[in-house]
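Chain order of the listed sequences is A and B. Okay, so the first sequence: first residue is 4 according to our numbering, each after it adds one. Okay, so the second sequence: first residue is 464 according to our numbering, each after it adds one. All residues carry an ideal CB built from backbone N, CA and C; glycine is no exception. All figures in this text were calculated on a predicted structure; none of them were measured in a lab.
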Amino acid sequence: NAGVTQTPKFRVLKTGQSMTLLCAQDMNHEYMYWYRQDPGMGLRLIHYSVGEGTTAKGEVPDGYNVSRLKKQNFLLGLESAAPSQTSVYFCASTKAGTSRAGELFFGEGSRLTVL
Amino acid sequence: AQKITQTQPGMFVQEKEAVTLDCTYDTSDPSYGLFWYKQPSSGEMIFLIYQGSYDQQNATEGRYSLNFQKARKSANLVISASQLGDSAMYFCAMRETRPAGNNRKLIWGLGTSLAVNP
Chain A
4 NAGVTQTPKF RVLKTGQSMT LLCAQDMNHE YMYWYRQDPG MGLRLIHYSV
54 GEGTTAKGEV PDGYNVSRLK KQNFLLGLES AAPSQTSVYF CASTKAGTSR
104 AGELFFGEGS RLTVL
Chain B
464 AQKITQTQPG MFVQEKEAVT LDCTYDTSDP SYGLFWYKQP SSGEMIFLIY
514 QGSYDQQNAT EGRYSLNFQK ARKSANLVIS ASQLGDSAMY FCAMRETRPA
564 GNNRKLIWGL GTSLAVNP
């Protein structure tokens, strides 16, 4: 029962470095999301995808790029990391077309620190 | 304006007592869904309960129930017989269906931190 798996769990970057967070889900979900969580800010949507090959911007997309080449994978990229991107990142997925499509399944989170 | 408001940044409850966590929402969409999630100190986000705007009865899931008052636009989470393991952050969220595309995203509140005292 893997569910939603995020890698890596922890990463420290220097300003200007790039990295990719990988999210993989084995539930055949259509929708996938990347959130960031900062103290006192709740969850903020970075990008999301409603299917293979499609992505869309969320509330805070600047500085991030995403790709969904396969249905089960959703990648979040930071091309040039900035200290403001220090955060905990969550990937989530859900099945489309149901009234409970907000029932998200989350990964364990990835803690990213940018120095 | 906030679409999801959780007015209680922090709450305390004695073990075995019931506690209500408040959530008010703002939408003009007649069809929407309301969700509660739990985030323990370990960090994972756990889905707790769902209420649809057209559901006639309040949702219940074990010790969790949702006090849904549609006219007041409130969807309070009630936890009965609190346990130490209920200590966590609790988030309320809403999914609208209009305009098109909104049904693909959740709107989140800022959360309420619940501490259960032994």
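Check	Outcome
Could you run through the region 539-565 of chain B and flag, in chain order, every residue whose CB is less than 9 angstroms away from some CB of chain A?	Phe-554, Ala-556, Met-557, Arg-558, Gly-564
Please name the residue in A:Gly-112, A:Val-117, A:Thr-116 whose C-alpha comes closest to that of Gly-6 of chain A.	A:Gly-112
Give me the chain A residues within the contact set of Phe-498 of chain B, using Cβ-Cβ distance strictly less than 9 angstroms, ordered along the chain.	Arg-103, Gly-105, Glu-106, Leu-107
Can you check whether the C-beta of Val-53 of chain A is within less than 8 angstroms of a C-beta belonging to chain B?	yes
Counting only Cβ pairs nearer than 7 angstroms, list the residues of chain B close to Tyr-34 of chain A.	Arg-567
If we call anything under 8 angstroms between Cβ atoms a contact, is Arg-526 of chain B one with Ile-542 of chain B?	yes
Cα-Cα, which of B:Tyr-488, B:Gln-477, B:Phe-475 is closest to Asn-539 of chain B?	B:Tyr-488
Pick helix, strand or coil for Leu-547 of chain B, following the three-state DSSP scheme.	helix
Do Glu-33 of chain A and Lys-73 of chain A have their C-beta atoms closer together than 8 angstroms?	no
What's the gap between the Cα of Gly-45 of chain A and the Cα of Arg-39 of chain A?	8 angstroms
If you drop the 5 nearest sequence neighbours on each side, which residues of the same chain put their C-beta closer than 8 angstroms to that of Arg-47 of chain A?	Tyr-38, Arg-39, Gln-40, Asp-41, Gly-61, Glu-62, Val-63
To the nearest angstrom, how far is the alpha carbon of Glu-82 of chain A from that of Gln-532 of chain B?	46 angstroms
Using a Cβ cut-off of 8 angstroms, pull out every chain A residue sitting near Phe-510 of chain B, in sequence order please.	Glu-106, Leu-107, Phe-108
Do Leu-79 of chain A and Leu-24 of chain A count as a contact pair if the criterion is CB distance below 8 angstroms?	yes
Tell me which same chain residues have a C-beta within less than 6 angstroms of the C-beta of Gln-465 of chain B, skipping the five on either side of it?	none
From Thr-89 of chain A to Ala-551 of chain B, what does the alpha carbon distance come to, in whole angstroms?	23 angstroms
Going by alpha carbons, who is nearest to Ser-70 of chain A out of A:Tyr-36, A:Thr-18, A:Phe-13, A:Gly-19?	A:Tyr-36
For my contact list, Gln-469 of chain B and Gly-572 of chain B are in at a C-beta cut-off of 8 angstroms; report their separation, rounded to the angstrom.	4 angstroms
Look up Gln-88 of chain A in the DSSP assignment and say whether it is helix, strand or coil.	helix
For Asn-68 of chain A, which residues of its own chain have a beta-carbon under 7 angstroms away from its beta-carbon, when the five flanking residues on both sides are left out?	Gly-80, Glu-82
Drop a sphere of 10 angstroms on the beta-carbon of Glu-524 of chain B, count the other beta-carbons inside from all chains shown, and report buried for 16 or more, exposed for fewer.	exposed
I need the DSSP call for Arg-567 of chain B, collapsed to helix, strand or coil.	helix
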